[in-house]
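Chains A and B are the protein sequences, given in the same order.
Just so you know, we're using the working numbering here: the first sequence kicks off at 1 and counts up by one.
Just so you know, we're using the working numbering here: the second sequence kicks off at 424 and counts up by one.
No residue lacks a Cβ here, since even glycine has one placed at the ideal position from N, Cα and C.
Since the model is a prediction, treat every value here as computed from it, not as a measurement.
Worksheet for the structure shown next.
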Amino acid sequence: MSDDLLTTYTATITFDRYDEIRDALFDTNLSRSFDKRSYQAGNIRDGVVSISHGSVHRARRRVENTQFRPDVLRLYERDLFPQVMRDLFDVVIEGEEADLYAVGELVSVVLASRRAGIEYDPSSIDELRELVHAVDVFSQGSAILDAKDPDAVRDLVRATYESFERDFVRPAWERREALIERVERGDLSREDLPHDILTVLLLHRGDAQLELGDDGRVVREVATYLQGGTHTSGQTLVNAIDLIFSTESSIEATLARLTDDVGFAQRVVHETLRLRPTTPKIKRRAEADTSITGRLIPKDALVVLDAATANKDARYFGAAPERFDPDRTVADSVPRWGLSFGAGAHQCPGRSVAGGFPVPDDFEVGDEHVFGLVALMLQEVARRGVRPDPEHPPERDLRTERFTRWRRYPVRFTGARSVTAPA
Amino acid sequence: MPIEVSVDPDLCIGSGDCVRILPAGFRIDEAAGVSRPLLGVEEADPELLLRAARTCPTQSIRLVTADGRVLHDSN
């Protein structure tokens, strides 16, 4: 590989079969480190966990995965999220008309902030909107390989990091450093520290394996978790509603079923993720010569993994795989969301936050099951009587080649505010 | 037939998938951030052991039968 800013790929190789893509995602010779101009050397994705590779990536994930343990997920899903969600829905849905995408992002950013370690004034809807704006910019940065104007995206992301660090990260950082000092002096138990990504990064920053010596890397890492925790949930909520509105069966009957059955709501989310992956084409670069199901991949090849096509493989997802069918039969060994959370070492760390635990083929789950926050959001919008807005058509996000992303999704809420507790 | 189960601590990233699939067979060592096989795991349902091994995001789990046959290798 040359030391030029941009990597010159030796080949571009595309896979679109489920088994091939799964093999590729487990291949440690395929990395997410792409061209240096976009991703390295002081640039917008420099050093973040999602593009790091090998031992650095594993060390970072060991520390960060502590924030995704089942007991933490259950705490969020059962104790924190339902009330936060209902209160926010009451505030952000003014009147009958609303932009569902904006609503979904505002609700998601509250808990994503908490998990990332960002602090804001909980009484200020304007601060939440600022965070959502930052998430929108960081999302464009994370999808820069598919951006239509990458230079504009780079400039925007750099500027947003500055205000994000100043207004949100630094105050939280200073408070956490003070708390960690108290732990080191023995004045505070480690258990009493905040449970979030920023705290664990600061606690382990001295570990050279994590490569977090540069402050900018800590800021970008926190931004990565904020963005990942917000954007996928908001987009998946909208895509689920769009699929329900686009499917021939009765919207009323589907929404009623959603309201009554959180298990069904979770399967709707999984089916939505399968048909509308947030990243329809996953990309990797070959760090060394390798092979996938016998096909040679030369070093520095760009490998395109067409998850959107693979997710419609009838051998894994049954007859009519292109159809939206949350009740379809899928073997226990295959995630109902297909490859939409990735697989292998880079599998989305927050998949259980958004999508919950995998659903067994008989749909029977125990008391420990986690349904995922998007299922709860979906139930809430169903309870509030969400309907298409016939006067304002939805708008896709045309700043990216990713067909699953929305910019606005106007809807009408025909139901009551302050509704009953979730089932 | 018992199955020898090992987790490569250099590869494991503590995703907890193995614990979710087989809670009686694995636990996360929070100090190290990696999964450890529990005593008695060798007698666990082989199907669940295989599912845990195949699901492991870094393929850190190795399964070997008593007669030396490798059911699933780590990366």
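Q) Roughly how far, in whole angstroms, is the beta-carbon of A:F89 from the beta-carbon of A:R284, given that I think they are within contact range, below 8 Å? A) Not confirmed; about 39 Å, so no contact.
Q.
Measuring straight from C-alpha to C-alpha, what distance separates A:G209 and A:V334?
A. The question names Gly, yet the displayed sequence has Gln at residue 209 of chain A. Each residue's Cα considered, the two are about 34 Å apart.
Q: Measure the alpha-carbon distance for A:P298 versus A:S291 and round it to whole angstroms.
A: 8 Å
(Q) For B:A476 and A:V91, I'd like the C-alpha separation in whole angstroms. (A) 46 Å
Q) To which residues does DSSP link B:V487 through a beta bridge? A) B:E427 and B:V493
(Q) Please return the same chain residues whose Cβ sits closer than 7 Å to the Cβ of A:R408, not counting the five positions on each side in sequence. (A) D99, Y101, P394 and E395
Q) By Cβ distance below 6 Å, which residues in the same chain neighbour A:A382 in space, the five residues on each side in sequence not counted? A) L255, L258 and T259
(Q) Tell me which residues share the same chain as A:S55 and place their Cβ nearer than 8 Å to its Cβ, disregarding the 5 neighbours each side in the sequence. (A) Q209
(Q) Going by DSSP in three states, B:D452 sits in which element: helix, strand or coil? (A) strand
Q: Would you check whether the ligand ATP has a heavy atom nearer than 7 Å to the C-beta of A:F164?
A: Among the components of this structure there are no ligands whatsoever, and the ligand ATP is therefore not found.
Q. Rounded to a whole number of angstroms, what is the C-alpha to C-alpha distance between A:R205 and A:D362?
A. 44 Å
Q | Contact list for A:G344 against chain B, beta-carbon separation under 7 Å | A | P480
Q | Within 8 Å, strictly: CB atoms of A:G117 and A:V222 | A | yes
(Q) Report the CB separation of B:V428 from B:E466 in whole angstroms; it is logged as a contact under 8 Å. (A) Contact flag wrong, Cβ pair sits at about 10 Å.
Q. If we ignore side chains and look at the alpha-carbon of each, how far apart do B:A455 and A:I282 end up?
A. 31 Å
Q: Alpha carbon to alpha carbon, how far is A:Y18 from A:D313? Give it in angstroms, no decimals.
A: 7 Å
Q | Spatial distance of A:A41 from A:T14 (CA atoms) | A | A caution first: A:A41 carries a pLDDT of 45, below 50, which makes its placement in the model too unreliable to give a value.
Q. Is the Cβ of B:D431 closer than 8 Å to any Cβ of chain A?
A. no
Q) Just the Cα atoms here: how many angstroms apart are A:R154 and A:L198? A) 24 Å
Q.
As a quick exercise: from A:P194, A:V374, A:A308 and A:R387, pick the residue whose alpha carbon is nearest that of A:G104.
A. A:V374
Q.
I need the straight-line Cα distance from A:V370 to A:E77, nearest angstrom please.
A. 7 Å
Q.
Please report the straight-line C-alpha distance between A:D242 and B:A447, rounded to a whole angstrom.
A. 41 Å
Q) To the nearest angstrom, how far is it from the Cα of A:T404 to the Cα of A:L111? A) 23 Å
**Q.** With 16 other Cβ atoms within 10 Å as the buried cut-off, status of B:L434
**A.** buried
Q) Sorted by chain position, which residues of the same chain lie with C-beta nearer than 7 Å to A:D115's C-beta, five sequence neighbours on each side aside? A) For the record, residue 115 of chain A in the displayed sequence is Arg; it is not Asp. Once the five neighbours on either side are set aside, the close Cβ partners of A:R115 are Q67, D196, I197, Y225 and G229.
Q) So, is A:D289 buried or exposed, given that buried needs 16 or more other C-beta atoms within 10 angstroms? A) exposed
Q | A:I297 - DSSP class collapsed to helix/strand/coil | A | strand
Q. For A:P358 versus A:N311, is the C-beta distance shorter than 8 Å?
A. no
Q | Spatial distance of B:V493 from A:G366 (CA atoms) | A | 32 Å
Q) Which of the residues in the stretch 320–335 of chain A, read from start to end, lie with their CB under 8 Å from any CB of chain B? A) D332 and S333
Q: Quick one: grab the DSSP three-state call for B:L434.
A: coil
Q: For A:T309, collect the residues of the same chain with a Cβ closer than 8 Å to its Cβ; drop the 5 residues on either side in sequence, then sort them by chain order.
A: D16
(Q) Please state the DSSP three-state secondary structure of A:D306. (A) strand
Q) In or out: A:A423 buried (at least 16 other Cβ within 10 Å) or exposed? A) With a pLDDT of only 43 at A:A423, under the threshold of 50, the placement of this residue in the model should not be trusted, and no figure is reported.
Q | Alpha-carbon to alpha-carbon, A:E94 and B:G437 | A | 43 Å
Q) For A:F15, which of helix, strand or coil comes out of DSSP? A) strand
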